[in-house]
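Let me begin by presenting the structure, written as structure tokens, before commenting on it.
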Amino acid sequence: MTDEPEVELTEALADDTAGVETVDRREHLAAAEGAVLRADNLVAGYLPGVNILNGTDLYAREGELVGIIGPNGAGKSTLLKAMFGLVAVRSGTVTLGGADITNLKAHVLVGRGIGFVPQTNNVFGTLTIEENLEMGTFLRPRRFKERFEFVASLFPTLAQRRKQRAGSLSGGERQMVAMSRALMMEPRVLLLDEPSAGLSPAMQDEVFYRTKQINSTGVTVVMVEQNARRCLQICDRGYVLDQGRNAYTASGQDLIHDPKVIELYLGTLARA
Ligand SMILES: Nc1ncnc2c1ncn2[C@@H]1O[C@H](COP(=O)(O)OP(=O)(O)OP(=O)(O)O)[C@@H](O)[C@H]1O
Ligand SMILES: [Mg+2]
155 MTDEPEVELT EALADDTAGV ETVDRREHLA AAEGAVLRAD NLVAGYLPGV
205 NILNGTDLYA REGELVGIIG PNGAGKSTLL KAMFGLVAVR SGTVTLGGAD
255 ITNLKAHVLV GRGIGFVPQT NNVFGTLTIE ENLEMGTFLR PRRFKERFEF
305 VASLFPTLAQ RRKQRAGSLS GGERQMVAMS RALMMEPRVL LLDEPSAGLS
355 PAMQDEVFYR TKQINSTGVT VVMVEQNARR CLQICDRGYV LDQGRNAYTA
405 SGQDLIHDPK VIELYLGTLA RA
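Note that my numbering numbers the sequence shown so that position 249 is 403, with each residue one more than the last.
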């Protein structure tokens with residue numbers, strides 16, 4: 155994938171996406187100065203010649219809670235995966251604390267301070283809660299005890315049920331295990347891909363509450379969400395991704411009340 159001809163990248167960047175208003179890149183670049191996590195002008199995709207990210211920019215400042223919303227297939231998961239070394243970045247850069255981490259492997263990035271909770275299959279069902287959390291510290295097993303105590307302070311019920319198999323938990327509880335596992339390595343930045351997907355409204359509330367709580371311990375969070383309105387309510391800043399580009403970016407509150415964002419991306423529920 156990385157050995158494709160340059161010309162395709164250039165063409166992809168030149169190909170303007172009709173109807174999508176692109177964020178002022180210069181303004182965004184200036185605001186990104188000093189951010190803990192940055193993605194600049196990312197081009198990435200799966201199949202040769204097909205780019206899913208078409209020059210995407212994103213930044214998260216230390217301690218920020220950043221939301222990414224957008225239609226299905228917009229490239230939200232791809233953006234998280236590209237920042238986490240799971241999809242090859244064809245051009246552009248990803249930096250963590252100012253250091254270039256573009257295309258580093260996921261396990262290296264875990265060691266550098268990035269946690270990632272994928273959209274699906276994010277726990278080992280046949281393992282217990284405790285064993286799942288042990289997987290989270292596989293790089294530094296000696297940290298298990300201390301990190302388990304931290305996670306237990308956030309999710310006391312999981313700690314009480316540590317011997318229960320993750321496969322027997324509810325969807326919401328499994329999501330908590332997945333988040334906890336990512337927290338075991340004490341990440342500076344936590345990437346969450348649709349943590350509330352498929353959960354009951356009550357469990358969705360729980361997930362948003364927990365995400366905010368994790369963020370308040372000082373962990374920078376970048377979350378992708380289908381539940382756009384709820385996501386924008388809790389995040390400091392949001393991005394609307396459309397066709398692999400930033401269509402809008404602003405504070406969560408500004409995006410929620412922006413008529414264009416409501417019309418195009420938040421749908422009828424948002425108007426209610
Ligand atoms: N492994 C893959 N191989 C090839 N194409 C893929 C792969 N994963 C995703 N894609 C394609 O990339 C595009 C963006 O997918 P992505 O999963 O990033 O979207 P998304 O914004 O997360 O959507 P959703 O809201 O449905 O989760 C889609 O057209 C999808 O079909
Ligand atoms: Mg997705």
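Every residue gets a Cβ at the ideal spot worked out from N, C-alpha and C, and that includes glycine.
What do you reckon, is the C-beta of residue i under 7 Å from a heavy atom of ligand 4?
i    : result
D347 : Among the ligands present in this structure, namely ligand 1 and ligand 2, ligand 4 is not found.
To the nearest angstrom, how far is it from the Cα of residue i to the Cα of residue j?
i    : j    : result
V361 : M330 : 8 Å
L287 : S334 : 7 Å
Y402 : K299 : 42 Å
R244 : T311 : 43 Å
T291 : E181 : 39 Å
D383 : G269 : The sequence shown places Arg at residue 383, rather than the Asp named in the question. Rounded to the nearest angstrom, the two C-alpha atoms are 24 Å apart.
I410 : Y419 : 10 Å
E175 : F278 : Interpretation of E175 is limited by its pLDDT of 44, a score under 50 that renders its predicted location unreliable; the figure taken from the coordinates is listed afterwards. Cα to Cα, E175 sits roughly 41 Å from F278.
K366 : L219 : 8 Å
M338 : P295 : 10 Å
N195 : R391 : 19 Å
I255 : P341 : 15 Å
V346 : N276 : Inspection of the sequence shows that residue 346 is occupied by Leu rather than by Val. Their Cα atoms are separated by approximately 11 Å.
L303 : E327 : As written in the sequence, residue 303 is Glu, which differs from the Leu given in the question. Near 18 Å, if we compare the C-alpha coordinates of E327 and E303.
Y363 : R179 : 32 Å
K414 : L323 : 40 Å
G421 : D412 : 12 Å
A404 : A185 : 11 Å
G406 : C389 : 6 Å
M289 : L263 : 15 Å
N226 : P355 : 20 Å
G217 : F309 : 20 Å
R297 : D408 : 41 Å
G246 : E187 : 16 Å
E285 : R301 : 13 Å
Kindly give me the distance between the Cβ atoms of residue i and residue j, rounded to whole angstroms, as I take these residues to be in contact under 8 Å.
i    : j    : result
A332 : V375 : No, A332 and V375 are not in contact; Cβ-Cβ is about 14 Å, not under 8 Å.
V343 : G221 : Contact flag wrong, Cβ pair sits at about 14 Å.
G265 : L293 : 5 Å
Q397 : A228 : 6 Å
V248 : A336 : The Cβ separation is near 18 Å, so there is no contact.
I283 : L386 : I283 to L386, Cβ: 31 Å. No contact.
G325 : M357 : 7 Å
L281 : R319 : 7 Å
L191 : L250 : 6 Å
Could you pull out every residue in the same chain whose Cβ sits closer than 6 Å to the Cβ of residue i, ignoring the five residues on either side in sequence?
i    : result
M155 : For M155, the pLDDT reaches just 41, beneath the cut-off of 50, and the residue's location in the model is therefore unreliable, although a value from the coordinates is still provided. Around M155: A242.
L258 : G239
A313 : A306
M237 : A193 and V248
S350 : Q358, V361 and N381
I'd like the list of long-range same chain contacts for residue i, defined as Cβ closer than 7 Å, with 5 residues on each side in sequence excluded.
i    : result
A189 : Y213, A214 and R215
E348 : Q273, V378, E379 and Q380
S231 : Q273, D347 and V378
G352 : G325
Give a yes or no on whether the minimum CB-CB distance between residue i and chain B is below 8 Å.
i    : result
F298 : Although the question refers to chain B, the structure presented lacks it and comprises just one protein chain.
Closer than 8 Å by C-beta to residue i: which residues in its own chain qualify, once you throw out the five before and the five after it? Chain order, please.
i    : result
N400 : T176, V177, H182, T210, D211, L212, Y393 and V394
H261 : L293
Checklist entry - At which residue ranges does the region 257-286 contain complete alpha helix (DSSP H) runs of 4 or more residues, listed in the order of the chain? => result 260-266
Next on the checklist: Going residue by residue through the region 293-370, where are the continuous alpha helix (DSSP H) segments of at least 4 residues, counting only ones entirely within it?
Outcome noted: 298-308, 310-314, 325-337 and 355-370
Next on the checklist: Quick check: the region 197-209 against the region 354-371, are at least 3 beta-carbon pairs closer than 8 Å?
Outcome noted: no
Next on the checklist: Restricting to runs no shorter than 3 residues, where is the beta strand (DSSP E) found entirely within the region 178-236?
Outcome noted: Qualifying beta strand (DSSP E) stretches, in chain order: 191-198, 207-214 and 219-223.
Item to check | Length-filtered (4 minimum) alpha helix (DSSP H) runs lying within the region 362-423 | outcome: 382-388 and 406-411
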